[in-house]
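Comments concern the structure below.
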Amino acid sequence: MRKIILIAAFLLALSVCAVGQRHALVFQSDFGLRDGAVGAMKGVAFAVSAELAIFDITHDIPPYNIWEASYRLNQAAPYWPPGTVFVSIVDPGVGSDRRSVVVKTRSGHFVVTPDNGTLTHIAETLGIDQVREIDEARNRLQNSSQSYTFHGRDVYAYTGARLASGAISFEQVGPLHHGDVVQLSYQKPVFRNGEAAGGIPVLDVQYGNVWTNIDKTTFSKLGASTGDWINVRIFNGKQLVYEGRVPYVQTFAAVDDGKELGYLNSLLNFSLGVNMGSFAERYKVSSGAEWSVVLRKDVR
Amino acid sequence: MRKIILIAAFLLALSVCAVGQRHALVFQSDFGLRDGAVGAMKGVAFAVSAELAIFDITHDIPPYNIWEASYRLNQAAPYWPPGTVFVSIVDPGVGSDRRSVVVKTRSGHFVVTPDNGTLTHIAETLGIDQVREIDEARNRLQNSSQSYTFHGRDVYAYTGARLASGAISFEQVGPLHHGDVVQLSYQKPVFRNGEAAGGIPVLDVQYGNVWTNIDKTTFSKLGASTGDWINVRIFNGKQLVYEGRVPYVQTFAAVDDGKELGYLNSLLNFSLGVNMGSFAERYKVSSGAEWSVVLRKDVR
Amino acid sequence: MRKIILIAAFLLALSVCAVGQRHALVFQSDFGLRDGAVGAMKGVAFAVSAELAIFDITHDIPPYNIWEASYRLNQAAPYWPPGTVFVSIVDPGVGSDRRSVVVKTRSGHFVVTPDNGTLTHIAETLGIDQVREIDEARNRLQNSSQSYTFHGRDVYAYTGARLASGAISFEQVGPLHHGDVVQLSYQKPVFRNGEAAGGIPVLDVQYGNVWTNIDKTTFSKLGASTGDWINVRIFNGKQLVYEGRVPYVQTFAAVDDGKELGYLNSLLNFSLGVNMGSFAERYKVSSGAEWSVVLRKDVR
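Chains as they are written, first to last, in our numbering: chain A, 88 to 387; chain B, 88 to 387; chain C, 88 to 387.
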């Protein structure tokens, strides 16, 4: 009997501490960090539970850029453990009839977001298990019903925090949505006629590297080994912006300062860089749906 | 007897874990995030207690801009639970005889700050319960007495962390200050002659929306309903900068891309925006004491 | 006996909570915060242990600027408690044969970093106790072996998190390295012929103050007291960029707005500022190895 009491006390203490079980709540948005918006969202989350582990991917998504939100989410999410709750708010349609959802991925991650295309990449990489529409009658910050333009604070941060802390279950988010999530269309990587082609989804903004979406599998069909040269053409629409050859290497340090190179980036997609310089700036290359890249193994 | 021991052990374990009780320490400053200043402050706080939950509102308050510090603090603070300790450091008078204080608001929040006007908005919205002057003889980082220019690290972060962690009580901050806190003067919103008038305290910097301080109550005296048109005049001093009419709507999506609109922002103040664009940029509108706005319901 | 069991249960509960013992993991890098790189690193760290206290110094080190990484690390690290694990990633040589290390300082701090000069300042101020080379066979994120360009995520964040959480001991990082760490050379402060001379390691970027490396001890040899005037010459290489006199004061508020001043900064190094203005911008002063400053007590 004493042992039972002891064990019960121990388990109770543990469950209150609950330190081994806590889930992360991870924000990203296009709000920037110059004002109080992100601080208000985190206050809402902390008020839900003082035990939440709260983090950020970035709040510097270019305003209204849903495509980049989708890309950045996918760049970071796979590195977080299952159970992590992401709250992504790039929401040009706030207050319109766009759907507010929480998705559970096949990998066990959760994403709270307007269903406006933000889930495009995640749907392909982690896969969508279930989609629930947020029932705002139950999942909305108290006394916020007069505010129509800050769902990030009033609905998404609040719901994400309640889900991450266990205050609500995934089922309590709201009813199942049986259709697909909204997907942005984009050029998939392809291999044909001995060439690998794809798009430029984003730049590696800090260093000026050009990240294509030509993945390792597609790239490998070129049959290029480390040290081989790759012939590269970059187009903006129909216009040829860059044509040149770069060595395919593993690291920037494999070429001299100021020299171009091709490599597989941290997401294992083919990318173009300049050692200690900026490829994007040197050749005026940008990213987006109208940009494309064609690669061919150089056999000279 | 055994039960008493058990309960005592359990409570002790709880009090050490103390997870359910922990308070947040929330920083804002004009330090920027490009150097080691904020990192040094957080180190001081973490050294006080490894259990603190440490957050930020923003560190990108424009340098020396006390007005914006006051506004941003007020934008975020009400969303944090009572007991939260804010440390706000925009301190152009560091080292002068400006008072260093901790205020307790009527809502139970604490703010550690130089008393230089940073409390202007909080004093009106949350209300000031008590003001205590920081006794630096007791509340100053050890071995920091030769540094005169970084009170943020040596006094404010240190005192805020000790208060949030319970190492000191509010009474141990220092003696009560019986006068008012320093208030910056600004144009209050008014309704007269059928018009609502007010100032432009800040821009919604990330999106270029113009946030007035015409609150919901003052605005409602215009008798405008959703869908009505509002005649807007914006002045820089005496000079008319913008005159036009905008629909009063709930959400940006209620108008076409590129169209102007009026709405109640996330603080329920009347604001002006352009769907998917920047009102401030389009009409060269900025914020500050010399800017004013006059609204009239358009009856055409 | 019962008491022993009780105490054991209590200690076990405590050890699981382990709240009083947790160590901070503190990141800095040149990655910027506009993409998902920092978010991916933190995900790796959180997956190692959900109990880690994770912080940042800055991620806005100018790209590839090892010197500034070294300076910023030294600006913040001494304010964190012993046991703190810093992960610093400014790594232009990623993938080359530069050594990946964890150093233990004499003060009991740990730094995980490429050994490329990032430890220059820390080695002088906190001192190096031991250097261990990271054994990547054991200390590398699973399934990351095909990625060659993001050691920050795959090796440094992972190893730092495991060290901070106690998953590995310092000894388990890898073998001892018996040589020195890589040091960048720079002009040390000197006093000769009645003049104090030194370099300009960094600017105080947010406010435009010019921070020299003339420390309090060297400066004091001028025999200047508060209120005395200091004759200042600033050189870019051989070229005289600024010559003038400033009062030596403790605080910015000691001079009128717009006036120059000399003071000891938060690291107790002699610095130059303009009250409510920017010294660096006014006189086109920058920082780096080619900049130097000479001070003489003005005796007029």
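Glycine is no exception: its CB is placed at the ideal position from the N, C-alpha and C atoms. Remember, predicted model here, so these are calculated numbers, not experimental data.
Any idea if Thr304 of chain B is buried or exposed, counting beta-carbon neighbours within 10 angstroms, 16 or more meaning buried?
By the neighbour-count rule (16 or more Cβ atoms within 10 Å), Thr304 of chain B is not buried but exposed.
Given that a residue counts as buried once 16 or more other Cβ atoms are within 10 Å of its Cβ, and exposed if not, what is Leu139 of chain A?
Buried.
At a Cβ threshold of 8 angstroms, is Arg109 of chain B touching chain A?
By this cut-off, Arg109 of chain B is an interface position.
Spatial neighbours of Ala210 of chain C within its chain, please: C-beta separation below 7 angstroms, excluding the five flanking residues on both sides.
Result list for Ala210 of chain C: Val268, Gln270, in chain order.
Name, please, each residue of chain A whose Cβ falls closer than 7 angstroms to the Cβ of Met363 of chain B.
Within chain A, the residues near Met363 of chain B are Tyr151, Pro179.
Quick test of the definition: if touching needs 3 or more C-beta pairs under 8 angstroms, does the region 286 to 295 of chain B touch the region 357 to 370 of chain B?
Yes: at least three Cβ pairs fall under 8 angstroms.
Considering Cα atoms alone, identify which of C:Val198, C:Gln337, C:Ile321, C:Glu155 is closest to Ser330 of chain C.
The question names Ser, yet the displayed sequence has Glu at residue 330 of chain C. The option with the nearest alpha carbon to Glu330 of chain C is C:Ile321.
Can you confirm whether Thr305 of chain C, when its beta carbon is compared against all beta carbons of chain B, has any partner nearer than 8 angstroms?
No, no contact with chain B.
Beta strand (DSSP E) containing Ile209 of chain A: first to last residue?
It is not in any beta strand (DSSP E) - Ile209 of chain A instead sits in the alpha helix (DSSP H) that spans 207 to 212.
What is the DSSP secondary structure of Tyr335 of chain B, counted as helix, strand or coil?
Of the three classes helix, strand and coil, the one that applies to Tyr335 of chain B here is strand, per DSSP.
Relative to the alpha-carbon of Arg186 of chain B, which residue among B:Tyr335, B:Arg193, B:Leu206 has its alpha-carbon at the smallest distance?
Of B:Tyr335, B:Arg193, B:Leu206, the residue nearest in Cα terms is B:Leu206.
Per the DSSP calculation, Thr246 of chain A is bridged to which residue(s)?
Answer by DSSP bridge pairing: none, since Thr246 of chain A is not bridged.
Is Glu377 of chain A helix, strand or coil when you go by DSSP?
In the structure shown, Glu377 of chain A sits in a strand (DSSP, three-state: E or B).
Applying the 10 Å Cβ sphere with the 16-neighbour rule, what's the burial state of Asp122 of chain A?
By the 10 Å Cβ count, Asp122 of chain A comes out buried.
Helix, strand or coil: how does DSSP classify Trp167 of chain B here?
Here Trp167 of chain B sits in coil by DSSP.
Step through the CB atoms of chain A and report whether any lies within less than 8 angstroms of the CB of Trp167 of chain B.
Yes, its Cβ sits closer than 8 angstroms to a Cβ of chain A.
What are the start and end residues of each continuous beta strand (DSSP E) run of 3 or more residues lying completely inside the region 230 to 282 of chain C, in chain order?
The qualifying runs are 277 to 279.
Could you check whether the Cβ of Asp122 of chain B sits closer than 8 angstroms to any Cβ belonging to chain C?
Yes, contact with chain C.
Hey, which unbroken runs of the alpha helix (DSSP H) at 4 residues or more fall wholly within the region 101 to 160 of chain B?
Counting only runs of 4 or more, we get 124 to 135.
Answer yes or no: does any C-beta atom of chain A fall closer than 8 angstroms to that of Gly310 of chain C?
Taking Cβ atoms only, chain A never reaches closer than 8 angstroms to Gly310 of chain C, which makes this a no.
Let me know the secondary structure DSSP gives Glu223 of chain A once reduced to three states.
Three-state DSSP puts Glu223 of chain A in coil, outside helix and strand.
On the DSSP bridge list, what partners appear for Glu330 of chain C?
The partner list for Glu330 of chain C (beta bridge, DSSP) reads C:Arg320.
Can you list, in chain order, the residues of its chain whose CB lies under 6 angstroms from that of Thr246 of chain B, leaving out five sequence neighbours each side?
Here the set comprises Val199, Ile221, Asn226.
Take Asp202 of chain B as the anchor and find which of B:Trp167, B:Trp154, B:Gly170 has the nearest alpha-carbon.
It is B:Trp154.
Mind checking Pro276 of chain A: buried by the 16 CB within 10 Å criterion, or exposed?
Looking at its Cβ environment, which holds 16 or more other Cβ atoms inside 10 Å, Pro276 of chain A is buried.
By how many angstroms is the C-alpha of His238 of chain C removed from the C-alpha of Phe257 of chain A?
Using only the alpha carbons, I get a separation of about 35 angstroms.
What separation, rounded to the nearest whole angstrom, lies between the Cα atoms of Ser373 of chain C and Asp302 of chain B?
Computed Cα separation, rounded: 46 angstroms.
By alpha-carbon positions, which one of B:Asp143, B:Leu112, B:Val336, B:Met128 ends up nearest to Val172 of chain B?
Nearest of B:Asp143, B:Leu112, B:Val336, B:Met128 to Val172 of chain B, Cα basis: B:Leu112.
Quick one: what's Pro201 of chain C bridged to in DSSP?
In the DSSP output, where bridge partners are listed per residue, Pro201 of chain C has C:Ser187.
Just curious, the alpha helix (DSSP H) that Thr304 of chain B is in, first and last residue?
303 to 307 is the extent of the alpha helix (DSSP H) around Thr304 of chain B.
Helix, strand or coil for Tyr350 of chain A? Go by DSSP, reduced to three states.
Strand.
Do Gln162 of chain C and Gln143 of chain C come within 8 angstroms of each other at the CB atom, strictly closer than that value?
Note on identity: in this sequence residue 143 of chain C is Asp, with Gln being the wrong assignment. No, they are not a contact pair.
Can you tell me whether DSSP reads Ala311 of chain A as helix, strand or coil?
Here Ala311 of chain A sits in coil by DSSP.
Ignore the nearest five residues each way along the sequence and tell me which others in Asp315 of chain A's own chain have a CB closer than 8 angstroms to its CB.
Cβ within range, chain order: Pro334, Tyr335, Lys384, Asp385.
Going by CA-CA distance only, name the one from B:Leu351, B:Val189, B:Thr338, B:Tyr350 that's closest to Ile261 of chain B.
Position check: residue 261 of chain B holds Gly in this sequence, whereas Ile was assumed. Of the candidates B:Leu351, B:Val189, B:Thr338, B:Tyr350, the one whose C-alpha sits nearest the C-alpha of Gly261 of chain B is B:Val189.
Could you tell me which residues DSSP puts in a beta bridge with Asp291 of chain C?
Its beta-bridge partners are C:Asn296.
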